[in-house]
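Note sheet for the following structure.
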Amino acid sequence: MQTKKSPLIFITGTDGAGKSCISDWLFQYFMKQGLRAGLVWSRFNNFLSKPLLGLARLTHHNYYKKIDGVLFGFHDFEHLNGFRHLFVLLQAIDVNLAAFRDIRKARQSYDIIICERGPWDTIVDVITDTGFDNLSNTLLGRVFTMQVRSGSIVIFINRSKDNIFNSRPELIHDGKLEKKIDIYNRLAKTYGWFIVDNNQSLAAAKMQICKILGIDITLK
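Heads up: the sequence shown is residues 341 to 560, going by this note's numbering.
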């Protein structure tokens with residue numbers, strides 16, 4: 341007898357897009373409906389990748405820099421042939437370990453799970469850091485999300501760079517932000533993700549999500 345899997349709602353997008361606010365709102369809504377809702381945040385799951393990242397720090401391709409009081413991490417692996425291939429492989433393993441720990445097992449305990457960041461976001465980060473623009477179309481790229489494709493809804497929160505900077509001015513120092521936005525938009529079209537425009541009011545973004553999920557609530 342197979343155990344029924346709880347549906348997954350992935351809220352994806354760049355830093356500053358509004359994922360946290362929307363994820364928490366959805367979580368609170370489902371809880372008020374009497375559902376056992378789970379809220380999962382999964383990022384920076386460097387298990388097997390950690391020694392490799394330590395090595396990259398010695399070569400100054402993986403480094404941290406404090407800018408205007410904010411600590412930023414930078415992974416510049418685009419031109420490290422061999423190294424970046426190994427990094428992609430280890431990240432594929434790591435993200436599946438995290439998905440099993442944080443998401444797959446949780447599906448047995450909750451009626452519905454909202455994931456603010458997850459394997460979809462990890463593959464965007466890896467593409468950005470390594471320059472493997474076609475990674476999502478390869479067999480290895482598909483391994484990143486193999487545990488979460490079934491029974492999942494992916495909602496991409498799209499926000500312009502200027503609006504991100506208005507709410508998160510420190511992100512002006514993220515030189516790869518524009519590239520990440522482009523990758524998210526490309527993957528959203530390729531995989532048919534739902535796209536929510538979060539460039540106007542939060543209420544407007546919530547209304548779009550209500551239509552996607554088929555829920556009718558009073559927006560606050």
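Glycine included, every Cβ here is placed at the ideal spot set by N, Cα and C.
Residue i (DSSP reduced to helix, strand or coil)
i    : result
E510 : helix
K516 : coil
N385 : coil
Close Cβ partners of residue i (< 6 Å) along its chain, the five nearest in sequence each way excluded
i    : result
L542 : none
F414 : Y403
G458 : F350 and S382
K405 : F412
Integer Cβ distance of residue i from residue j, believed to fall under 8 Å
i    : j    : result
V494 : W533 : 4 Å
D442 : V483 : So it is not a contact: roughly 17 Å between Cβ atoms.
Beta bridge counterpart(s) of residue i as assigned by DSSP
i    : result
N498 : D537
V380 : C455
F350 : C455 and V494
I407 : V410
N503 : Note: N503 sits in no beta bridge, so no partner.
N525 : Paired residues: none, contrary to the question.
Other residues of its chain near residue i: CB distance less than 7 Å, five sequence neighbours each side excluded
i    : result
A528 : F496 and I535
V410 : E510
F427 : S389, L392, F417 and T470
Proximal residues to residue i (C-beta, below 8 Å), its chain only, five neighbours per side dropped
i    : result
D355 : I504, R508, L511, D514 and L517
Complete runs of the alpha helix (DSSP H) confined to the segment 409 to 494 [at least 4 residues]: Listed in chain order, the complete alpha helix (DSSP H) runs (minimum 4 residues) inside the segment 409 to 494 are 423 to 439, 459 to 470 and 479 to 483.
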